[in-house]
Amino acid sequence: MPLSRRTLLAAAAPLGLGGTLAASGCFAPDEAGAGRLVLANALTPAAGLSPHSEDAFLLARWGVAETLVDLDDDGQPVPRLALEWTRADDTAWDLVLRDGVRCHDGTVLDAAAAAAALTAAARAAAVPRVIDGVGLTAEALDDRTLRVRTETPDPVLLQRLSSPYLAILAAGAYSGGAVDPVGRATGPFAITESSTTGVVLERHDDYWGEPAAMTGYRADYVPDAATRVAALRSGEAHVIEAVPYAQIANLDDSRLQDAPTGRTVSLYLNTQGPLADPALRAAVAAAVDPAPIVDDIYEGRADAPEGLFGPALAWAADHRPHTLPDPAAPAGEALSFATYSNRAELPEALTVLAAQLQDAGFAVTTEVREYNDIEPDMLAGAFDLFLMSRSVVQDSGDAYTYLHSDFTSGGAFNVSQLADPAVDAAVAAVATAADRHSAVLDAEAAVLATVAVVPVAHERLVTGVAQGVRDVASDPRERRIITAATAIE
């Protein structure tokens, strides 16, 4: 049965400064200086803060690392470290860098350093999924002009270059295959101390843009959601990621920032194990009832599933019809079902879904771990079912990269282990389509018809912000939280 509201609320009771909260990832109160803002992050680093891993999003949310281009509200590229760009030929773009961008280590960013940063990403042991398979290369044409090329024409190359995975660091960040961004990025804040519990950041006084309003702040790793809420209540944290939906009614509205997001909670079905039969996968889909999850667990602050793409993406409203296979009759098939604990709603949703599947005739065992611990098993296909909250436009700002990485035969994030020629063809068609949004929705229909994934809910982004803190970003792509404009009284 799902956890009760009372159980969840009790779990989030305020904690003492010297007790569980400190053990869960917070520094002692005086380590970063009195009066400084403290951010409580939901995730801990997976790869020593390498931008070639999920840690890239920590660097972006802290205002530490930057990319060549940014995206506007419509997902179109706008200047960041690069001021302008032109298409050199079908497979290459030339980008002109800003003049005088100084890195945290004092070096001036030039085209050679930018090319080296992109080359390091393309040659990483685990190539970031945003460029996996595109054959990206980069070279400096002169001090400020960078040429970026792909093996075949890529209509979303500029959008890919906005991904935090492709952050541009100083040349000294790359050594012997390792990447160390500490003191070597370009953003308004520089990391000056890094430990297993968090980082200390100071204002980068030579920043090329508007100087940061704060002299510095601290970011702590607090994966336990109840502990993050307790930190906000007690004043130990001023900004917290991923406020648990069960706690929303018990926090003052003035402490909450709520924004639509391109994040969908989905049930991924392993197509290579006991659920290899599409008819049995259809039985799983038929057993899933999202209503108690949307209405109760998410306290009405999520939307019922419309498909892979939710209402935050206006262009996705015209979903294509698709037909599922006729469901088989479950006969006690044993299914392993897992999720991660970093998002407080997922374990509870797993409990609800597991009960629904058991009622339908499946035998279900469940497992919950922290994301960094469970991700390797998830990608290796160790589970028959996996419940995940996934941003469908986070990697590049364009849905094509999500479809390619998650659902094609060669996708780097293919949790469902899907290998379907019709899906591969539909996703490939997006790359050259004149009407990209229409082609994306066609590919969405092809994916859903395989029953490799069952959408459960479209999330909203809820951030906790203490009184006296202003200009904390609510980014639908979840790439920004602390910016140069963020300040605390």
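In mature numbering (1 follows the signal peptide of the UniProt record, and there is no 0), the protein residues as written are -22 to -1, 1 to 467. Virtual Cβ for every residue (Gly too), placed ideally from N, Cα, C.
Going by DSSP, E467 is part of no alpha helix (DSSP H) at all; its letter is neither H nor E.
Secondary structure of E353 (DSSP, three-state): helix. Going by C-alpha positions, A25 is about 20 angstroms away from R368. Annotation for E422: the continuous alpha helix (DSSP H) segment containing it runs 414 to 427.
In this structure, DSSP gives A358 a state outside helix and strand, which the three-state scheme calls coil.
Counting the other Cβ atoms within 10 Å of the Cβ of T205 gives 16 or more, which makes it buried. In the structure shown, the three-state DSSP call for V330 is helix.
For H436, the enclosing beta strand (DSSP E) covers residues 431 to 443. N19 is bridged by DSSP to Y199.
For I218, the beta-bridge partners assigned by DSSP are A18, G442. For the pair H216 and V440, the CB atoms are not nearer than the 8 angstroms cut-off. For G339, the closest of A309, N392, Y318 by C-alpha to C-alpha distance is A309. By a beta-carbon distance limit of 8 angstroms, A92 does not contact L27. Their separation comes to about 20 angstroms. Nearest to L335 by C-alpha distance, out of A260, H382, N228, L139, is A260. Beta bridge pairing from DSSP links D281 with H436. In this structure, T97 sits away from G113, with a CB-CB distance that is not shorter than 8 angstroms. In this structure, G251 lies away from G389, with their beta-carbon atoms at least 8 angstroms apart. R125 and Y276 have their C-alpha atoms spaced approximately 46 angstroms apart. The region 38 to 58 and the region 133 to 147 touch, with no fewer than 3 CB-CB distances between them shorter than 8 angstroms. By the neighbour-count criterion, in which a residue is buried when 16 or more other Cβ atoms sit within 10 angstroms of its Cβ, A209 is buried.
Nearest to A34 by alpha-carbon distance, out of V157, I271, A451, is V157.
Shown here, P142 sits in a helix according to DSSP, grouped into three states.
If you draw a straight line from the Cα of S416 to the Cα of A295, it is about 11 angstroms long. Straight-line measurement puts the Cα of P166 at about 13 angstroms from the Cα of A465. In this structure, the straight-line span from the alpha carbon of D453 to that of I459 is close to 7 angstroms.
Under the three-state reduction of DSSP, G176 is assigned to strand. In summary, A444 is buried, with 16 or more beta-carbon neighbours lying within 10 Å of its beta-carbon over all protein chains present. Separation of V177 and L36 (C-alpha to C-alpha, rounded to the nearest whole angstrom) is 11 angstroms. By DSSP's assignment, W71 forms a beta bridge with R65, V126.
Taking a contact as a CB-CB distance under 8 angstroms, the pair P131 and T69 counts as one, their CB atoms being some 6 angstroms apart. Between the region 400 to 413 and the region 372 to 387, the count of Cβ pairs shorter than 8 angstroms is three or higher; the stretches touch. The beta carbon of G53 lies closer than 8 angstroms to those of Q137, V371, G375, D376 in the same chain, with the five residues before and after it left out. Comparing C-alpha distances from G155 to each of S319, T329, L179, V105 shows the shortest one belongs to V105. Taking D51 as reference, the option from A149, A341, R455 with the minimal CA-CA separation is R455. Taking 8 angstroms as the cut-off, the Cβ atoms of P256 and P299 do not count as close. Distance from the CA atom of A151 to the CA atom of M366, rounded to whole angstroms, is 32 angstroms.
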